[in-house]
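Same order as they appear, the protein sequences are chains E and Y. Oh and the first sequence: position 40 is 40 in our numbering, straight run, nothing missing. Oh and the second sequence: position 2 is 96 in our numbering, straight run, nothing missing. We put the CB at the ideal spot given by N, CA and C, even for glycine. To start, the structure under review is shown below, and the notes come after it.
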Amino acid sequence: MAQHTLEVLVENSPGVLARVAGLFSRRAYNIERLTVGPTANPEVSQMDIVVSVEGHALEQVIAQLDKLINVIAIKEIKPESAPEVHDTQPDYQN
Amino acid sequence: MSQVTGAQSLVNSLEAAGVDVMFGIPGGAILPAYDPIFDSKIRHVLVRHEQGAGHAATGYAQVTGRVGVCIATSGPGATNLVTPLADAAMDSVPMVAITGQVPSLAIGTDAFQEADIRGITMPFAKHNYLITDPADIPRAIAEAFHIASTGRPGPVLVDIAKDALQKMTDFNYPTSVNLKGYQPKLAPNAQAIADAAELITQSSKPVFYVGGGVIKADAHRELLEIANLLGAPVVTTLMARGAFPDSHPLHLGMPGMHGTVAAVTGLQKADLLITLGARFDDRVTGKLSTFATNAKVIHCDIDPAEIHKNRFADVAVIGDVKHTLQALIPALKAALKKNQPDLSPWLRQMNSLKSSYPLGYDQPSDGSLSPQYVIERLGKISGPDTIFTSGVGQHQMWAAQFINYENPRTWLNSGGLGTMGYAVPAAMGAKVGAPDTTVWAIDGDGCFQMTNQELVTCALNNIPVKIAIINNESLGMVRQWQTLFYEGRYSNTSLESKRVPNFPMLAEAMGCVGLSCERPEDVDATIEKAMSINDQPVVVDFRVHRDAMVWPMVAAGTSNDDIMIARETAPDWDSQEL
Ligand SMILES: Cc1ncc(C[n+]2csc(CCOP(=O)(O)OP(=O)(O)O)c2C)c(N)n1
Chain E
1 MAQHTLEVLV
11 ENSPGVLARV
21 AGLFSRRAYN
31 IERLTVGPTA
41 NPEVSQMDIV
51 VSVEGHALEQ
61 VIAQLDKLIN
71 VIAIKEIKPE
81 SAPEVHDTQP
91 DYQN
Chain Y
95 MSQVTGAQSL
105 VNSLEAAGVD
115 VMFGIPGGAI
125 LPAYDPIFDS
135 KIRHVLVRHE
145 QGAGHAATGY
155 AQVTGRVGVC
165 IATSGPGATN
175 LVTPLADAAM
185 DSVPMVAITG
195 QVPSLAIGTD
205 AFQEADIRGI
215 TMPFAKHNYL
225 ITDPADIPRA
235 IAEAFHIAST
245 GRPGPVLVDI
255 AKDALQKMTD
265 FNYPTSVNLK
275 GYQPKLAPNA
285 QAIADAAELI
295 TQSSKPVFYV
305 GGGVIKADAH
315 RELLEIANLL
325 GAPVVTTLMA
335 RGAFPDSHPL
345 HLGMPGMHGT
355 VAAVTGLQKA
365 DLLITLGARF
375 DDRVTGKLST
385 FATNAKVIHC
395 DIDPAEIHKN
405 RFADVAVIGD
415 VKHTLQALIP
425 ALKAALKKNQ
435 PDLSPWLRQM
445 NSLKSSYPLG
455 YDQPSDGSLS
465 PQYVIERLGK
475 ISGPDTIFTS
485 GVGQHQMWAA
495 QFINYENPRT
505 WLNSGGLGTM
515 GYAVPAAMGA
525 KVGAPDTTVW
535 AIDGDGCFQM
545 TNQELVTCAL
555 NNIPVKIAII
565 NNESLGMVRQ
575 WQTLFYEGRY
585 SNTSLESKRV
595 PNFPMLAEAM
605 GCVGLSCERP
615 EDVDATIEKA
625 MSINDQPVVV
635 DFRVHRDAMV
645 WPMVAAGTSN
655 DDIMIARETA
665 PDWDSQEL
């Protein structure tokens, strides 16, 4: 399975790590690595998540993450190209 | 500004959110809130079990379109709400649950009646809060109502530590809610609408696959308009019964495991599914890899995560389905002017299936009462304005099949979670939300024994619901599976409920009128008797034949192509041109 890196901006609210981790476990997505760190804005943290999924499943992971109210924005970090931005407005339809 | 307690701030916030009724039970941690509730204009219905409060909130929400509210104490009070919260999540019902929590300093110490209800509900609640600072109460309540009622509706839990209810605070209800990570998109993308219209005109075998989202979005008028415009057949899922009139000639009925042959086959043979607020649930698709293999899919849904989840969508239209249809109707009108497909051969095929395989049932040869007949008569006598709720099992499927639904918000059931015990408390909430409408709960003898204590609540609070127990003295749906798949080995499905309990006596003990009926010739008179009593809840024990089965059936995990209309009997496909 291909590995994908997601850069996820989350509200720095209590329980947010449990929400993200819980989502991955409940939907049976594989997390390879997860790190959490601060950003310049004290109200926002950044999670870097490496997931192993195939094809459309990545879109599902992103869409489900997006549904978490505390998730503000999701970027997929592509190895050798510019990052693809997925903000919480689902403009990736079609 | 004068200071108020956190509890007063909570009640002020609920009033500001427009709450007119809530269902609940007090206890230690939530007790501070019950003091200002005593003086509030909000009606509080004191239930007998928190599960009843939760399903009542759901029933209220389903008939009114407003947010249903329930309230409970910490620990066991909160955990008793878990089932209705999960139920509301699966069926996308707007609901706010308020729970008390142990004092903030005691959190994490395994204090008396401590349960991490926020953690417990995280996997399914649309969102939840743990409030330890009274200043946060108004914002949390405003956000909870906003989140519950917008986008794809769902349950939100607000857990409040006891000391936050007791401390003094300023009450400031926010005038607007702005959540960085939550901005549901209502208006559909213009290109997606154009693509959808184009795809529709290219189809010669389209079907409108209608789910509960159409009812949630109040889009039934738009659905009627677009169905008439295109002249294509319509199927309504278990959650969408009533979204499109059953009397309409384009209606093929309900699809799915116990759907009509026409609806199931219509989806299977379609070349285009115009999917409106539906989610390709396994109970509709059967074995997914064999579902509607020749169909392209237009998927209209407010939840982007539903797109491509179970089935790839050729055109995805993300938005509120009412807005979507309002945009699609003119686009389709214009597209049809250029290219009007001929749907008449397709309609002929569907009508042939509809007339060859209507829903039906056999009358028991021993003259005993058939459950389908009882349910059919309830629908006929009570009429299309009645609200029906049901439990889960055979009676639920028969109520979905043999009652004609003409109006949205008249059929309430637990579709996604399949919660036995839903019918009575949901009927209670429905009747509170629509006091001038007749509310019938069609319940199983098994389901009824899970939550019937709420009839006490109904009797004492002037909530005159009517309950039809379809008493087949067994866990009928499970028994049906044992008949079909376990060689008739009836392990633990006999309830003996024609012996014990005595349902009419139980009803009388709870302050209701108890009636009983076991002969076909008494059914109409019994229903009319129940209909004539409007100052008390009524419970009718319909003592029915226990071997009746639900047909048609697509066995779990098999293909919709293998639909059976009776035991070991497939439709006669050779006689149909498909
Ligand atoms: C809370 C809960 N427990 C168990 C089940 C599994 N189950 C599904 S239908 C059913 C039988 C329901 O029996 P009854 O209420 O008598 O209805 P009938 O099928 O006989 O109409 C059972 C046990 C369930 N859906 N919900």
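Taking 8 Å as the cut-off, decide whether the C-beta atoms of residue i and residue j are in contact.
i       : j       : result
Q574(Y) : R583(Y) : no
I659(Y) : Y451(Y) : yes
P178(Y) : Q145(Y) : yes
V634(Y) : C606(Y) : no
S107(Y) : Y267(Y) : yes
S464(Y) : D537(Y) : no
I412(Y) : I423(Y) : no
V559(Y) : A535(Y) : yes
F579(Y) : I563(Y) : no
T652(Y) : K381(Y) : yes
V304(Y) : T269(Y) : no
A284(Y) : M522(Y) : no
A493(Y) : I287(Y) : no
M625(Y) : S476(Y) : yes
G213(Y) : T167(Y) : no
L426(Y) : A291(Y) : yes
G325(Y) : L437(Y) : yes
Mapping DSSP to helix, strand and coil, what is residue i?
i       : result
P90(E)  : With a pLDDT of 44 at P90(E), under the threshold of 50, the predicted position of this residue should be treated as unreliable, though the coordinate-derived value follows. Looking at P90(E) - three-state DSSP - the assignment turns out to be coil, as it is neither helix nor strand.
Y128(Y) : helix
P465(Y) : helix
C552(Y) : helix
E662(Y) : coil
V16(E)  : helix
W645(Y) : coil
N283(Y) : coil
P170(Y) : helix
D537(Y) : strand
Q97(Y)  : coil
R91(Y)  : This structure cannot speak to residue 91(Y), because chain Y is shown only from 95 to 672.
Could you say which of the options lies nearest to residue i if we only look at CA atoms?
i       : options                            : result
P42(E)  : A28(E), E11(E), S52(E)             : E11(E)
S446(Y) : D668(Y), I192(Y), G213(Y), V617(Y) : D668(Y)
L569(Y) : C552(Y), V638(Y), R373(Y)          : V638(Y)
P232(Y) : E615(Y), L199(Y), A111(Y)          : A111(Y)
E500(Y) : R377(Y), I309(Y), A238(Y), M643(Y) : I309(Y)
T295(Y) : K432(Y), S270(Y), A229(Y), A166(Y) : K432(Y)
Q207(Y) : V196(Y), E548(Y), K390(Y), L125(Y) : V196(Y)
F218(Y) : I69(E), R33(E), S45(E), D48(E)     : I69(E)
N565(Y) : V301(Y), A290(Y), S591(Y), Q443(Y) : S591(Y)
P478(Y) : S341(Y), L430(Y), L317(Y), I368(Y) : S341(Y)
E567(Y) : V550(Y), L554(Y), E612(Y), G153(Y) : E612(Y)
V468(Y) : E615(Y), A372(Y), I627(Y)          : E615(Y)
W739(Y) : D375(Y), D365(Y), R373(Y), G371(Y) : This structure does not reach residue 739(Y), given that chain Y is present from 95 up to 672, and the question cannot be answered.
Distance check for residue j and residue i, CA to CA, integer angstroms please.
i       : j       : result
G473(Y) : I201(Y) : 51 Å
V594(Y) : R142(Y) : 22 Å
N174(Y) : A242(Y) : 20 Å
A73(E)  : Q277(Y) : 12 Å
S297(Y) : R405(Y) : 19 Å
I124(Y) : S585(Y) : 43 Å
Q434(Y) : I481(Y) : 39 Å
S511(Y) : T244(Y) : The amino acid occupying residue 511(Y) in the given sequence is Leu; Ser does not appear at that position. Roughly 21 Å between the two C-alpha positions.
E109(Y) : D264(Y) : 16 Å
L506(Y) : M1(E)   : 43 Å
T504(Y) : A21(E)  : 39 Å
I192(Y) : D414(Y) : 28 Å
At 8 Å on the CB atoms, spell out the chain E contacts of residue i, in chain order.
i       : result
L273(Y) : I69
R399(Y) : The sequence given here has Ala at residue 399(Y), not Arg. The answer, in chain order, is Q60, A63, Q64, D66, K67.
I241(Y) : I69
L224(Y) : P14, G15
Run down chain E in chain order and give the residues with a C-beta less than 9 Å from the C-beta of residue i.
i       : result
G213(Y) : G15, A18, G22
Taking 7 Å as the cut-off, is the C-beta of residue i nearer than that to any heavy atom in ligand 3?
i       : result
V139(Y) : Ligand 3 is absent from the structure shown, which contains only ligand 1.
Listing by chain order, which chain Y residues have their CB less than 9 Å from the CB of residue i?
i      : result
I72(E) : K274, G275
List the residues of chain Y whose Cβ lies closer than 8 Å to the Cβ of residue i, in chain order.
i      : result
H4(E)  : Residues of chain Y passing the Cβ test: none, with the nearest at roughly 16 Å.
E11(E) : K274, G275
R26(E) : P217
Under 7 Å Cβ-Cβ, which residues of chain E neighbour residue i?
i       : result
K403(Y) : Q60
Given a limit of 8 Å on CB to CB distance, which residues of the stretch 416-448 of chain Y reach chain A? No chain A is present in this structure, whose protein chains are E and Y.
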